[in-house]
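Peer 1: For the sequence shown, the positions run 1 to 338 when the working numbering is used. Every residue gets a Cβ at the ideal spot worked out from N, C-alpha and C, and that includes glycine. Can you read through this structure? Questions will come right after.
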Amino acid sequence: MKKLYFLTGIIVLFIWSCRQQEQPKVVYFEGNALGTTYHIKAFPSKKSKNVTKKDVDSVVQAINNSLSTYQPNSLISRINKGEVLKLDQQFTDVFKAAKIIYRQTGGLYDPTIGILVNAWGFGPKQKIKEIAQDSSIVDSLKKFVGYNFLSIDEHGFLKKKMPQIYIDYNSIAKGYAIDRIGKMFENKGYHNYLVEMGGEVLTKGKNIKKNKPWLVAIDNPDRQHGSKFISKIALSDQAIATSGNYRKYYTDPQTGKKYVHTLDPKTGYPVQRHLLSASVIADNCTMADGYATAFMVMGLEAAKTFLKKHPELQAFLVYSDDKGHIKTFKTNGVHILN
Numbered sequence: 001m002k003k004l005y006f007l008t009g010i011i012v013l014f015i016w017s018c019r020q021q022e023q024p025k026v027v028y029f030e031g032n033a034l035g036t037t038y039h040i041k042a043f044p045s046k047k048s049k050n051v052t053k054k055d056v057d058s059v060v061q062a063i064n065n066s067l068s069t070y071q072p073n074s075l076i077s078r079i080n081k082g083e084v085l086k087l088d089q090q091f092t093d094v095f096k097a098a099k100i101i102y103r104q105t106g107g108l109y110d111p112t113i114g115i116l117v118n119a120w121g122f123g124p125k126q127k128i129k130e131i132a133q134d135s136s137i138v139d140s141l142k143k144f145v146g147y148n149f150l151s152i153d154e155h156g157f158l159k160k161k162m163p164q165i166y167i168d169y170n171s172i173a174k175g176y177a178i179d180r181i182g183k184m185f186e187n188k189g190y191h192n193y194l195v196e197m198g199g200e201v202l203t204k205g206k207n208i209k210k211n212k213p214w215l216v217a218i219d220n221p222d223r224q225h226g227s228k229f230i231s232k233i234a235l236s237d238q239a240i241a242t243s244g245n246y247r248k249y250y251t252d253p254q255t256g257k258k259y260v261h262t263l264d265p266k267t268g269y270p271v272q273r274h275l276l277s278a279s280v281i282a283d284n285c286t287m288a289d290g291y292a293t294a295f296m297v298m299g300l301e302a303a304k305t306f307l308k309k310h311p312e313l314q315a316f317l318v319y320s321d322d323k324g325h326i327k328t329f330k331t332n333g334v335h336i337l338n
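Right, here's the structure in full:
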């Protein structure tokens, strides 16, 4: 009887040990990037190679060195100052992606809006104080806005039609950085991971620990009268980016009027829309990021019309109705979890 009891104990211990080994391994990374923070959760496979925080930060640094308007010696800052420089891979990739969105949206997405972003006080340059009261200032700067004024020559140098053109890729750089980080994990043999940076997210595979798709929460623009999140969306092998006007804005002390950070390239003024936030789902975060900004410029109805013509995109839109009530709209491909 003692031998039987001892053997049973070994079997129980063996089963318990196996169950412990069955728990999926997971790696976490977090840090600062592009003026915000990033969080990464990844499940290694049998063939995956080691990834360190230094590897992640090196990707971020390369993108900062290329695309950050807040770094005076970055490639984009030097180009904005008037230098004629050969583009690196990061700049070239983003230039081409932005060109696609610019054309698809009829110019409602335009990274050369940067000169007006600065003038309105939402960029790294000093705000022009009189801009809200003097329409001639907007008119004088608007002539330098137009992505078709930019080109890349056969030697890889960026050409600007006018030296005053100021390029601002902040509306797409985060998404691109996330895609580059995701590509690094992919190349290292990871097939199940989530990369989040400043609220933008890229997912691959699933959450192995829960054996479910990745879950992404969407901020509630009206937290004073509701919960922190307005919805939760299930994603797998997709990216999601959100643009909103409910956080980044300022109020004119003289008139009390609120000015949001999203500018309309056609008018040169901050948009005045009922659309509060646009979350766009796409195959990659670069495109999702750019289109989210474009939708905020378009407004609710124009965004709905655009989505009907572009089934490759899915979206979750948050808006206020005429009575100020918060409403939502989603395309059929958005999977909401209650």
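1) Is asparagine 148 close to chain B? Criterion is C-beta to C-beta, closer than 8 Å.
2) Are there three or more Cβ pairs, one per stretch, closer than 8 Å when the stretch 147-160 is compared with the stretch 74-94?
3) From the DSSP secondary-structure annotation, give me the bridge partner or partners of serine 320.
4) DSSP three-state label for isoleucine 240, please.
5) For the alpha helix (DSSP H) that contains methionine 287, what are its first and last residues?
6) Can you tell me which of the three DSSP states lysine 41 falls into?
7) Ordered along the chain, which non-local residues of its own chain (more than five positions away) have a Cβ less than 6 Å from that of glycine 121?
8) How close, in whole Å, do the beta carbons of aspartate 219 and phenylalanine 229 come, if the pair is a contact with beta carbons under 8 Å?
9) Can you tell which of Ile167, Ile76, Ala302, Tyr291 has the C-alpha that lies nearest to the C-alpha of phenylalanine 144?
10) Excluding the 5 residues preceding and the 5 following asparagine 284 in the sequence, name in chain order all residues of the same chain whose CB lies nearer than 7 Å to its CB.
11) Pull up the DSSP beta-bridge partners for isoleucine 218, would you.
12) According to DSSP, is aspartate 314 helix, strand or coil?
13) Whole angstroms are fine: how far does the CA of isoleucine 165 sit from the CA of isoleucine 115?
14) Quick one: Cα of histidine 261 to Cα of serine 243, how far?
15) Which residues bound the alpha helix (DSSP H) around glycine 369?
16) Smallest Cα separation from asparagine 65: which of Ile172, Ser74, Gln104?
17) May I have the straight-line CA-CA distance separating proline 311 from methionine 287, to the nearest angstrom?
18) Report buried or exposed for arginine 103, applying the criterion of at least 16 other Cβ atoms within 10 angstroms of its Cβ.
19) Considering only the beta carbon of each residue, do glycine 175 and glutamate 200 sit closer than 8 Å?
20) Report the three-state DSSP secondary structure of serine 151 (helix, strand or coil).
21) Could you pull out every residue in the same chain whose Cβ sits closer than 7 Å to the Cβ of leucine 307, ignoring the five residues on either side in sequence?
22) Looking only at its chain, what residues have a beta carbon closer than 6 Å to the beta carbon of serine 268, apart from the 5 residues adjacent to it on each side?
23) Which residues in the same chain as isoleucine 63 place their Cβ atom closer than 6 Å to its Cβ, once the five residues preceding and following it in sequence are excluded?
24) When you compare each of Gly324, Leu87, Asn187 to aspartate 222 by their alpha carbons, which one comes out closest?
25) Would you mind reading off the limits of the beta strand (DSSP E) that contains lysine 160?
26) Closer than 8 Å by C-beta to glutamine 21: which residues in its own chain qualify, once you throw out the five before and the five after it? Chain order, please.
27) Under the three-state reduction of DSSP, which class applies to glycine 106: helix, strand or coil?
28) What do you get for lysine 204, buried or exposed, if any count of 16 or more other CB atoms within 10 angstroms of its CB means buried?
29) Hey, which unbroken runs of the alpha helix (DSSP H) at 4 residues or more fall wholly within the stretch 84-136?
30) Terminal residues of the continuous beta strand (DSSP E) containing isoleucine 167?
31) Below 8 Å on the Cβ atoms is my guess for isoleucine 40 versus valine 59; work out the distance and round it to an integer in Å.
32) Just verifying my parser: in three-state terms, what is the DSSP assignment at valine 195?
33) Count Cβ pairs between the stretch 263-278 and the stretch 75-90 that sit closer than 8 Å; are there 3 or more?
Peer 2: According to the structure shown:
1) Going by chain labels, chain B is absent from the structure shown, which holds only one protein chain.
2) yes
3) Ile326
4) strand
5) 285-298
6) strand
7) Lys127
8) 6 Å
9) Ile167
10) Asp179, Ala239
11) Ser231
12) Per the sequence shown, residue 314 should be read as glutamine rather than aspartate. The answer is strand: DSSP assigns glutamine 314 an E or B state.
13) Their backbone Cα atoms lie some 7 Å apart in a straight line.
14) 10 Å
15) Given a span of 1 to 338 for the chain in the structure shown, any question on residue 369 remains unanswerable.
16) Taking asparagine 65 as reference, the option from Ile172, Ser74, Gln104 with the minimal CA-CA separation is Ser74.
17) Rounded to the nearest angstrom, the two C-alpha atoms are 14 Å apart.
18) exposed
19) Using a Cβ distance threshold of 8 Å, glycine 175 and glutamate 200 count as a contacting pair.
20) strand
21) Leu313, Ala315, Thr331
22) Checking the displayed sequence, the identity of residue 268 turns out to be glycine instead of serine. If we look at glycine 268 and ignore the five residues flanking it on each side, its Cβ neighbours are Leu116, Val138, Lys142.
23) Gln90, Ala177
24) Gly324
25) First-last of the beta strand (DSSP E) with lysine 160: 158-160.
26) Confidence is the limiting factor: at glutamine 21 the pLDDT is only 49, short of 50, which leaves the residue's position unreliable and the question unanswerable from this model.
27) coil
28) buried
29) Those alpha helix (DSSP H) runs which fall completely within the stretch 84-136 and span 4+ residues are 89-104, 114-119.
30) Careful: isoleucine 167 lies outside any beta strand (DSSP E) and carries neither H nor E.
31) No, isoleucine 40 and valine 59 are not in contact; Cβ-Cβ is about 11 Å, not under 8 Å.
32) Valine 195: strand per DSSP, three-state reduction.
33) no
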